[in-house]
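Order-wise, the sequence lines are chains R and G.
Note that our numbering gives residue 325 to position 154 of the first sequence, counting from 1, and the numbers run on in steps of one.
Note that our numbering gives residue 116 to position 111 of the second sequence, counting from 1, and the numbers run on in steps of one.
See below for the structure under consideration.
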Amino acid sequence: MKRIREERPESVEALLLGADKDRAPSPAARARALEAAMLVVGGSGGVDIGGKAGVNSGAGSATTGAVAPKTATVIAWKGWALAALLGTGAIAGGAIVTRDAHEPSPAVSTVARPPAPSSKQEARAAGAAPALEPEPPIRPSPATQVVADARRPPPVAPAANPAPPFASAPSITVAPPATTPTADLSGEVRAVDAARAALVAHDATGALALLDDYDRRYTSGSLAREAALLRTEALMAHGDRAEAVRRAQDLLAQSPDGPYRARLKKVLDEGNAAKTPGAFGDPKPTASSIP
Amino acid sequence: MLALANEPGSGGAMMPVRVATVSREASFRSLFEEHYEFIWRQLRRLGVHEDQVDDAAQEVFIVAARRLGDIREGAERAFLFGIARRVASDVRRSRQTRTGLLSVPLARDAADPAPSPEQDVQRHRTQALLDAALDDMNDETREVFILFELEELSRSQIAQLLGLPEGTVASRLRRAREEFSAIVNRAQCKLEVGGGSP
Numbered sequence: 172m173k174r175i176r177e178e179r180p181e182s183v184e185a186l187l188l189g190a191d192k193d194r195a196p197s198p199a200a201r202a203r204a205l206e207a208a209m210l211v212v213g214g215s216g217g218v219d220i221g222g223k224a225g226v227n228s229g230a231g232s233a234t235t236g237a238v239a240p241k242t243a244t245v246i247a248w249k250g251w252a253l254a255a256l257l258g259t260g261a262i263a264g265g266a267i268v269t270r271d272a273h274e275p276s277p278a279v280s281t282v283a284r285p286p287a288p289s290s291k292q293e294a295r296a297a298g299a300a301p302a303l304e305p306e307p308p309i310r311p312s313p314a315t316q317v318v319a320d321a322r323r324p325p326p327v328a329p330a331a332n333p334a335p336p337f338a339s340a341p342s343i344t345v346a347p348p349a350t351t352p353t354a355d356l357s358g359e360v361r362a363v364d365a366a367r368a369a370l371v372a373h374d375a376t377g378a379l380a381l382l383d384d385y386d387r388r389y390t391s392g393s394l395a396r397e398a399a400l401l402r403t404e405a406l407m408a409h410g411d412r413a414e415a416v417r418r419a420q421d422l423l424a425q426s427p428d429g430p431y432r433a434r435l436k437k438v439l440d441e442g443n444a445a446k447t448p449g450a451f452g453d454p455k456p457t458a459s460s461i462p
Numbered sequence: 006m007l008a009l010a011n012e013p014g015s016g017g018a019m020m021p022v023r024v025a026t027v028s029r030e031a032s033f034r035s036l037f038e039e040h041y042e043f044i045w046r047q048l049r050r051l052g053v054h055e056d057q058v059d060d061a062a063q064e065v066f067i068v069a070a071r072r073l074g075d076i077r078e079g080a081e082r083a084f085l086f087g088i089a090r091r092v093a094s095d096v097r098r099s100r101q102t103r104t105g106l107l108s109v110p111l112a113r114d115a116a117d118p119a120p121s122p123e124q125d126v127q128r129h130r131t132q133a134l135l136d137a138a139l140d141d142m143n144d145e146t147r148e149v150f151i152l153f154e155l156e157e158l159s160r161s162q163i164a165q166l167l168g169l170p171e172g173t174v175a176s177r178l179r180r181a182r183e184e185f186s187a188i189v190n191r192a193q194c195k196l197e198v199g200g201g202s203p
């Protein structure tokens, strides 16, 4: 069986499929992922301190009626995109040549470097492992795994204790810093990455606690702006929209053309979009509070 | 980890743990180097939005790092793909419940610090339409479709990766191609009827 692009190279299907070819991860994202995962490999081997399986519908999921899988927005977008597509026949030729400038996270891109290879000759040693599980269950979210770095205790254990409603002054107890904060850039990267991962896993409470931990450890840290941005997103995901918007506006005012502009505007847009009675106001359930 | 710690020749009484750790790290690094881009691409094709795909790929490898001892030699890619399917499914599901932050596919274009050339914008649009079409596909057929049409794996490679009989792959692939064409045709019809306005 031939592939569509070989069989019907002039078809719309082939044209669409051809648009996939330029996509690739950014080196920064790659380095960040490697560093985060290596922490798990080189650390405790994965201590279960999170206990929340995979990504769930935690933060930001409580809006009634938001579950429709194919929204009008998507349909409209398709029509719009197809209009653009059909209106510009030049795409079919060599027009689509620009490599995807996948934008890395600016703060991390300059510091997240993979550690040097330690022992290539032993690279296949893990092959002696037992049976393959084709669809392994996803266990605790990356955030909680990343903070399982053996060098310091985890700042929060969301699964062990159901998260209380988040307050702007969190009551979570965090261990004091074990290292001198000023020069620990890789520690900063790990801390911010852990918060990001928690947010991706929709553990907004965990993300906020990790950001509190970051702020305590790294006063005026190199990634302070990234952390501040993440906090706005985490607050929004947690349902504390007013505070999220306030902080996002402050950050945007400080740096209106900065690299985080798009993400800050997303926070503001969501805050504005949700200003309808009943749409928000109550804290949303956290990842750890959802069964 | 236990299996590695007990490897023969791993040194004296104080050495096995260290050797095992080094070995785990080297093994994982090799796994990562070989498969990261593949997994990233599949996540994207499985419907993970571009602003989440980096994190999703990271999550896949963090899970893999924790389960390194469960990965059978020669089946690494299948193992990782299995994780990626789950992560993608979770990300898609959670994304569908979050409307505000996630429903502006062109926001990135509009907000890019550097102005996008026209062809770059067109490319983004085409990619977005491809994403939308893939997103409309059935999970089962989409997997086979992307692996064949985009990753350009053979049917036998797909069968191995998904743990399916080759005949099943072939039949799913036929259905997938019909489904994809139907989705594209429907979108074209909708455009013609609706005039293409968003």
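Even for Gly, the Cβ is constructed at its ideal location relative to N, Cα and C.
All values derive from a computational prediction rather than experimental measurement.
> Per DSSP, what kind of secondary structure is ILE67(G) in: helix, strand or coil?
Replying inline: helix
> How is the alpha helix (DSSP H) around GLU148(G) delimited, first residue to last?
Replying inline: 144–150
> GLU183(G) by DSSP, collapsed to three states: which one?
Replying inline: helix
> Where do the N-terminal and C-terminal ends of the alpha helix (DSSP H) with LYS436(R) fall, by residue?
Replying inline: 432–444
>> Given a cut-off of 9 Å on the beta-carbon distance, is the pair GLU157(G) and ARG174(R) in contact?
In response: yes
> By the criterion of Cβ-Cβ separation under 7 Å, what are the contact partners of GLU184(R) in chain G?
Replying inline: PHE185, SER186, VAL189
>> Please report the distance separating the alpha-carbon of ARG128(G) from that of HIS54(G).
In response: 16 Å
>> Below 9 Å on C-beta distance, what does ALA148(R) contact in chain G?
In response: Lying outside 172 to 462, the shown extent of chain R, residue 148(R) is not represented and no answer is given.
> Out of curiosity, what's the CA-to-CA distance linking ILE151(G) and ALA395(R)?
Replying inline: 40 Å
> Taking Cβ-Cβ distances shorter than 9 Å, what residues in chain R pair up with THR146(G)?
Replying inline: Neighbours of THR146(G) on chain R: none; closest Cβ ~14 Å, over 9 Å.
>> Is ALA112(G) close to chain R? Criterion is C-beta to C-beta, closer than 9 Å.
In response: Only weak support exists for where ALA112(G) lies, its pLDDT of 33 falling under 50; the coordinates are left without a value.
> DSSP three-state call for SER197(R): helix, strand or coil?
Replying inline: coil
>> Is there a C-beta anywhere in chain R that falls below 9 Å from the one on ALA164(G)?
In response: no
>> Looking at GLU42(G): is its Cβ nearer than 9 Å to the Cβ of ALA202(R)?
In response: no
> Got a sec: is the Cβ-Cβ distance from ASP364(R) to anything in chain G below 9 Å?
Replying inline: yes
> Can you name the start and end residues of the alpha helix (DSSP H) that HIS409(R) belongs to?
Replying inline: 395–409
>> Taking the straight line between their C-alpha atoms, what separation do you get for PHE185(G) and GLN47(G)?
In response: 17 Å
>> Once DSSP output is grouped into helix, strand and coil, what is the label at HIS40(G)?
In response: helix
> So what does DSSP say about THR390(R), is it helix, strand or coil?
Replying inline: coil
> In chain order, what residues of the stretch 184–199 of chain R put their CB closer than 9 Å to some CB of chain G?
Replying inline: GLU184, LEU186, LEU187, LEU188, GLY189, ALA190, ASP191, LYS192, ASP193, ARG194, ALA195, PRO196, SER197, ALA199
> Taking the alpha-carbon positions, what's the VAL416(R) to ALA444(R) distance?
Replying inline: 11 Å
> How is GLY172(G) classed by DSSP in three states: helix, strand or coil?
Replying inline: helix
> Shortest alpha-carbon distance to ALA192(G) belongs to which of GLU171(G), PRO170(G), ARG160(G), ALA138(G)?
Replying inline: ALA138(G)
> Taking the alpha helix (DSSP H) that ASP53(G) falls in, what are its first and last residues?
Replying inline: Going by the sequence as given, residue 53(G) is Val instead of Asp. Careful: VAL53(G) lies outside any alpha helix (DSSP H) and carries neither H nor E.
>> Quick check on ARG72(G): does DSSP put it in helix, strand or coil?
In response: coil
> Does any CB atom of chain R fall closer than 9 Å to the CB of GLY16(G)?
Replying inline: Residue placement at GLY16(G) is poorly supported in this model, since its pLDDT is 40, which falls under 50; the coordinates are not used for a value here.
>> Let me confirm a value: GLY52(G) is counted as buried when at least 16 other C-beta atoms fall within 10 Å, else exposed. Which label applies?
In response: buried
> Excluding five sequence neighbours on each side, which residues of the same chain lie with their C-beta closer than 7 Å to the C-beta of PHE33(G)?
Replying inline: ALA70, LEU73
>> Quick check on GLY57(G): buried or exposed, where buried means 16 or more other Cβ atoms within 10 Å of its Cβ?
In response: Rather than Gly, the amino acid found at residue 57(G) in this sequence is Gln. GLN57(G) should be labelled buried.
>> Strictly under 9 Å for the Cβ-Cβ distance: is LEU152(G) near chain R by that measure?
In response: no
> Alpha carbon to alpha carbon, what distance is there between GLU81(G) and LEU36(G)?
Replying inline: 7 Å
> If you draw a straight line from the alpha carbon of MET209(R) to that of ALA61(G), how long is it in whole angstroms?
Replying inline: 16 Å
> My guess is that LEU382(R) and ALA368(R) are in contact by the Cβ rule of under 8 Å, so how many angstroms apart are they, rounded?
Replying inline: Their Cβ separation, rounded to whole angstroms, is 12 Å, which puts LEU382(R) and ALA368(R) out of contact at 8 Å.
> Is the shortest distance between the beta-carbon of HIS409(R) and the beta-carbons of chain G less than 9 Å?
Replying inline: no
>> Among the candidates SER28(G), ILE44(G), ARG50(G), ARG49(G), whose CA atom is the shortest distance from the CA of VAL212(R)?
In response: SER28(G)
>> Give me, in chain order, the residues of the same chain whose beta-carbon lies closer than 6 Å to that of ASN83(G); leave out the 5 immediate sequence neighbours on both sides.
In response: One detail in the question is off: residue 83(G) reads as Ala in this sequence, not Asn. If we look at ALA83(G) and ignore the five residues flanking it on each side, its Cβ neighbours are LEU166.
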